[in-house]
Amino acid sequence: CFPGRRFVAIVTLLGSVRCEGESPTDPVPVQAQARVTAGERHLFSGEDIQLACSVPEDPLSGWRYQWFLNGVLVSSSEVYDLKDTQVLQTGGYTCLGEKDIDGWPYVMKSLPSDVLNVHVDGGWVLLQTPTEPLVIEEVLNLTCRVRDDPLLMEVTFYKGDVKNWKQKDKDLVFPRVSLEDQGSYWCKATWVQGYVYHSGQSLPASVTVLDKLTSPVLELEPGRTVVAEGSSMVLKCSTQLHAREQGHGIEYYYMKNGTRLGPASSRDTHTIQSAVKDDTGVYTCKVRVRALNLERWSNELKVEVKPLNQAEFSL
Numbered sequence: 022c023f024p025g026r027r028f029v030a031i032v033t034l035l036g037s038v039r040c041e042g043e044s045p046t047d048p049v050p051v052q053a054q055a056r057v058t059a060g061e062r063h064l065f066s067g068e069d070i071q072l073a074c075s076v077p078e079d080p081l082s083g084w085r086y087q088w089f090l091n092g093v094l095v096s097s098s099e100v101y102d103l104k105d106t107q108v109l110q111t112g113g114y115t116c117l118g119e120k121d122i123d124g125w126p127y128v129m130k131s132l133p134s135d136v137l138n139v140h141v142d143g144g145w146v147l148l149q150t151p152t153e154p155l156v157i158e159e160v161l162n163l164t165c166r167v168r169d170d171p172l173l174m175e176v177t178f179y180k181g182d183v184k185n186w187k188q189k190d191k192d193l194v195f196p197r198v199s200l201e202d203q204g205s206y207w208c209k210a211t212w213v214q215g216y217v218y219h220s221g222q223s224l225p226a227s228v229t230v231l232d233k234l235t236s237p238v239l240e241l242e243p244g245r246t247v248v249a250e251g252s253s254m255v256l257k258c259s260t261q262l263h264a265r266e267q268g269h270g271i272e273y274y275y276m277k278n279g280t281r282l283g284p285a286s287s288r289d290t291h292t293i294q295s296a297v298k299d300d301t302g303v304y305t306c307k308v309r310v311r312a313l314n315l316e317r318w319s320n321e322l323k324v325e326v327k328p329l330n331q332a333e334f335s336l
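Okay, here's the thing in structure tokens:
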């Protein structure tokens with residue numbers, strides 16, 4: 022009998038069993054990316070489009086990929102070719118990756134990609150618009166396409182119900198787009214095919230334009246305007262910066278009754294640790310991006326500080 026060996030065997034066996042409730046460190050999840058590598062997201066039925074999936078944060082590993090249309094599995098490949106498309110293939114495409122790993126849980130899955138919307142048009146005329154929101158001062162291109170690319174005689178572009186542009190070219194370009202250019206567009210085309218005149222119109226397509234820096238919204242966390250004396254008072258200044266270049270910092274300025282509450286801050290919150298009656302007033306915030314020469318002012322927020330019993334009664 023060799024008790025030492027028996028003891029080692031038991032320890033080894035127990036070490037290989039994962040105890041219920043044990044929470045090993047899971048791999049840090051990474052997100053898959055879906056993109057169009059050939060064709061257009063808005064296309065005629067019968068045309069082709071190619072989609073590709075990748076995991077940019079971990080590109081060299083042995084990922085296996087899956088494609089989903091509106092949440093339903095449609096392919097298990099890195100590249101998804103949609104040949105001779107049909108209207109039924111319109112929808113939101115997502116992909117994800119999975120790979121084998123050495124430790125528990127032995128298979129690692131990526132987060133699903135963002136939705137990539139594809140629209141297959143069964144008509145004769147379609148309007149192609151940017152697939153992503155534009156930022157003010159960028160170029161907006163609208164293209165009025167006719168199936169089989171016949172000779173165009175006239176193209177008219179509409180915004181809403183208003184006829185704005187009539188021309189022979191299928192492309193309409195806005196060199197510096199503004200917030201007023203956001204909206205729903207459609208086009209009407211007249212063309213010659215087989216010595217016969219034809220006309221048709223597209224379905225509406227939306228154009229989204231973003232401001233570089235949105236006007237901030239000032240709120241009192243957790244969403245009330247009456248504060249009890251002695252409690253902390255947290256002001257939150259919410260804004261969004263839309264810039265193609267990365268690394269631009271936002272400066273936050275907080276004011277009470279028009280007087281600044283200290284120097285600029287890189288934080289979107291300002292905290293008064295123990296509020297007193299004198300903290301009652303009208304608060305505002307200003308956001309600034311020096312590199313882009315942008316600044317925006319918030320709404321006015323009236324805050325009242327009351328004794329604890331009165332503050333509770335006011336809620």
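Under the working numbering, the residues of the sequence shown are numbered 22 to 336, in order. No residue lacks a Cβ here, since even glycine has one placed at the ideal position from N, Cα and C.
Identified DSSP bridge partners for residue i
i: Gln222; result: Lys209
i: Arg317; result: Val308
i: Gly204; result: Val228
i: Arg245; result: Note: Arg245 sits in no beta bridge, so no partner.
i: Lys180; result: Val183 and Tyr206
i: Ser236; result: DSSP, once it has assigned bridges, lists no residue as partnering Ser236.
i: Thr409; result: Residue numbering for the chain in the displayed model covers 22 to 336; residue 409 lies beyond these limits and cannot be assessed.
i: Val49; result: According to DSSP, Val49 bridges with nothing at all.
i: Leu193; result: Leu163
N- and C-terminal bounds of the beta strand (DSSP E) containing residue i
i: Ala73; result: Ile70 to Ser75
i: Leu322; result: Leu322 to Lys327
i: Ser96; result: Val93 to Ser96
i: Val167; result: Leu161 to Val167
i: Lys184; result: Val183 to Gln188
i: Lys257; result: Met254 to Ser259
i: Thr58; result: Gln54 to Ala59
i: Lys277; result: Glu272 to Lys277
i: Arg265; result: Arg265 -> no beta strand (DSSP E), and no H or E assigned at all.
i: Ala296; result: It is not in any beta strand (DSSP E) - Ala296 carries neither H nor E in the DSSP assignment.
i: Val198; result: Counting along the chain, Val198 falls outside any beta strand (DSSP E), and DSSP gives it neither H nor E.
i: Tyr86; result: Arg85 to Leu90
i: Leu64; result: His63 to Phe65
Residue i beta carbon near the ligand ATP (any heavy atom closer than 6 Å)
i: Gln294; result: In the structure shown, the ligand ATP is absent, as is every other ligand, since no ligand is present at all.
Assumed close pair residue i, residue j - CB separation to whole angstroms, cut-off 8 Å
i: Leu329; j: Thr246; result: At roughly 16 Å, the Cβ-Cβ gap does not stay under 8 Å, so Leu329 and Thr246 are not in contact.
i: Asn162; j: Asp192; result: 6 Å
i: Trp212; j: Pro171; result: 4 Å
i: His263; j: Lys307; result: About 18 Å separates the two Cβ atoms, so there is no contact after all.
i: Ile70; j: Thr106; result: 6 Å
i: Ala53; j: Leu117; result: 5 Å
i: Val176; j: Ala210; result: 5 Å
Worksheet entry | At least three beta-carbon pairs within less than 8 Å, the stretch 231-238 to the stretch 248-266 | yes
Discussion item. Between the stretch 197-210 and the stretch 219-228, can you find at least three pairs of beta-carbon atoms closer than 8 Å?
Written reply: yes
Practice prompt. Check whether the stretch 141-149 touches the stretch 60-71, taking contact to mean three or more Cβ pairs, one atom from each stretch, closer than 8 Å.
Written response: yes
Worksheet item: Could you give the uninterrupted runs of the alpha helix (DSSP H) lying entirely in the stretch 102-174, keeping only those of 4 residues or more?
Response: none
Fill in: the stretch 177-197 contacting the stretch 70-90, beta-carbon criterion three pairs below 8 Å
no
Item to complete: Say whether the stretch 164-178 touches the stretch 125-135, bearing in mind that this needs 3 or more beta-carbon pairs closer than 8 Å, one atom from each stretch.
Response: no
Discussion item. Counting beta carbon pairs with one atom in the stretch 265-274 and one in the stretch 192-201, are three or more of them shorter than 8 Å?
Written reply: no
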